[in-house]
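The opening residue of the sequence shown carries number 2 in this note's numbering; numbering runs sequentially from there.
Structure first, commentary second.
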Amino acid sequence: MQISSIYDSNPDRWKARIAGLLDFLREYGDRRITLRGCRELARLTPEQLSVPGVSLLVATVRGQSGRQLAGISFVSGYGKEACLVAVHPLYRGRHTGTALLSAQLQRLGRLECLVASDNPASLKMCFNSGLAAVDLISGPTGKPTLLLQSPSGRSAATLPQEGELLCQNPS
2 MQISSIYDSN PDRWKARIAG LLDFLREYGD RRITLRGCRE LARLTPEQLS
52 VPGVSLLVAT VRGQSGRQLA GISFVSGYGK EACLVAVHPL YRGRHTGTAL
102 LSAQLQRLGR LECLVASDNP ASLKMCFNSG LAAVDLISGP TGKPTLLLQS
152 PSGRSAATLP QEGELLCQNP S
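Encoded structure:
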């Protein structure tokens, strides 16, 4: 498996490439990709890929007819605006999503994402990538949703300091 960045300065090729990635998300996102995230990707321009906190990565595998798309990951605003990962069913359970998310974290330095609490595969992918749950909120569809962040993405105020009690009310 190879993970690489996507960018293209040719407007026609760029539009076709983004359209193909959006089709991949619709087909293999298992209806868990947010509309907001898809809209962010649809509006993405090659110039925006140079903005800090924005990254578009693909995982490809060598097939009989050349390289084939196994998964994609798009992050905007370090994940605050969009954090999408979709993996083709043939490559699930092989750490493809974890590799994509880990590559995003390494590339961007920090990352956060929202994952519905009823999505164990995505939660496992996030935890395996080094993200940690820092909050439980009501997601876009009203479901309980975990806010996951990279260790460097947490504010110092939320981390226990040396000598601080971890439990304020011991029994």
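Where is the CB? At the ideal position from N, CA and C, for every residue including glycine.
| Item | Value |
| --- | --- |
| Cβ contact (3+ pairs, closer than 8 angstroms) linking the segment 90-110 and the segment 133-148 | no |
| Helix, strand or coil at G72 [DSSP, three-state] | strand |
| Bridge partners - S56, DSSP secondary structure assignment | V76 |
| Collapsed DSSP secondary structure at S172 in the structure displayed | The predicted model places S172 with a pLDDT of 43, which falls under 50 and marks its position as unreliable; any figure quoted below should be read in that light. Coil at S172, not helix or strand. |
| Cβ shell of V76 (< 6 angstroms), same chain only, five flanking positions each side left out | S56, C84, Q105 |
| Residues bridged to S51 [DSSP beta-bridge criterion] | Looking at the DSSP assignment, S51 forms no beta bridge with any residue, so it has no partner. |
| Reduced DSSP category for G30 - H, G, I as helix; E, B as strand; rest coil | coil |
| Beta-ladder partner(s) of L148, from DSSP | L115, D136 |
| Where the beta strand (DSSP E) through Q65 begins and ends | Element bounds for Q65: n/a, residue is neither H nor E. |
| Anticipated Cβ contact below 8 angstroms, G80 with E28, distance rounded | At roughly 23 angstroms, the Cβ-Cβ gap does not stay under 8 angstroms, so G80 and E28 are not in contact. |
| S130 in three-state terms, based on DSSP | coil |
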